[in-house]
Amino acid sequence: MSNGEPPEHPKGILKHVTEGKKTKTFQWDEMNILATFHPADKDYGHIHIDEPDTPYNFEYNPNDPSVTGGQAVSPEALASMLEKVSGSAPKMLEVRLTLIAISDIA
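Residue numbers (the numbering used here): -15 to 90.
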């Protein structure tokens, strides 16, 4: 130590600044990410279905008899048909009532 050499320091646990320059860096590779997650031939499960357009009559005129699609029913004829069926129950209820009556007998 007397030779003019600097005194030796004990080895420390902290790293020297020069060792910090050797750190690894990370660099994104966007083209690799695009090729991996968005390949050109990937269809993503979407299916194109060719369906005809919904029919819609743009030139509807309620006064035109050729457009209505059938013959009109007069109010008197409709009233007479409703009067005929108004006294009877619907057929669905008639069948249900007979099934209930049969099950009550048995």
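Even glycine gets a Cβ: it sits at the ideal position worked out from N, Cα and C.
Terminal residues of the continuous alpha helix (DSSP H) containing residue i?
{"i": "T20", "result": "14 to 21"}
{"i": "P59", "result": "59 to 69"}
{"i": "I84", "result": "75 to 89"}
Could you give the distance in angstroms between the alpha-carbon of residue i and the alpha-carbon of residue j?
{"i": "A56", "j": "S70", "result": "22 Å"}
{"i": "A63", "j": "I86", "result": "35 Å"}
{"i": "D13", "j": "Y28", "result": "23 Å"}
{"i": "K75", "j": "L81", "result": "10 Å"}
{"i": "N45", "j": "M15", "result": "60 Å"}
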